[in-house]
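Student: Okay, handing you the structure first.
Residue numbers (the numbering used here): 8 to 79.
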C-alpha cells in the first residue's frame, strides 16, 4: 500500500492487487494518506495456495480492471 502511495505522490500512476481480507486495511491506509477512494483490484482470498499457473490466470482475469485504474 505504501509503495502505491509513494508512486502516486511522484506522479506515477499506481494501484495494486490485494485479497479481500485486506480491503479494509487498504481503504484505511489510502484515506490516512489523503487518497480516499483510491482504486485497487480485489482478488479472492486466499491466493497463497494457488499454483503459479492458477495465479497467472487469476491476475490475467483482472488485468483489464488494473489497466482501467492505471489509465483513468
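Note that beta-carbon positions come from the ideal geometry of N, C-alpha and C, so glycine has one too.
Quick caveat, the model's predicted, so the values are computed rather than measured.
#1: With respect to the alpha helix (DSSP H) encompassing residue 77, which residues constitute its N-terminal and C-terminal limits?
#2: In this structure, how does DSSP classify residue 34 when only helix, strand and coil are distinguished?
#3: So residue 26 is in the beta strand (DSSP E); what residue range does that whole segment cover?
#4: Shortest alpha-carbon distance to residue 29 belongs to which of 16, 15, 14, 54?
#5: Report the residue from 9, 45, 64, 26 whose alpha carbon sits nearest the alpha carbon of residue 78.
Tutor: Let's see:
#1: What you label residue 77 is simply residue 70 of the chain shown in a count that begins at 1. Its alpha helix (DSSP H) spans residues 59–78.
#2: As a position in the chain shown, residue 34 is number 27, starting the count at 1. It is helical.
#3: As a first step, residue 26 must be located in the chain shown, where it is residue number 19. Counting along the chain, the beta strand (DSSP E) containing residue 26 begins and ends at 24–26.
#4: Position 22 of the chain shown, counted from the start, is the residue given in the question as residue 29. Nearest option by C-alpha distance: 54.
#5: One-based indexing of the chain shown puts residue 78 at position 71. Nearest option by C-alpha distance: 45.
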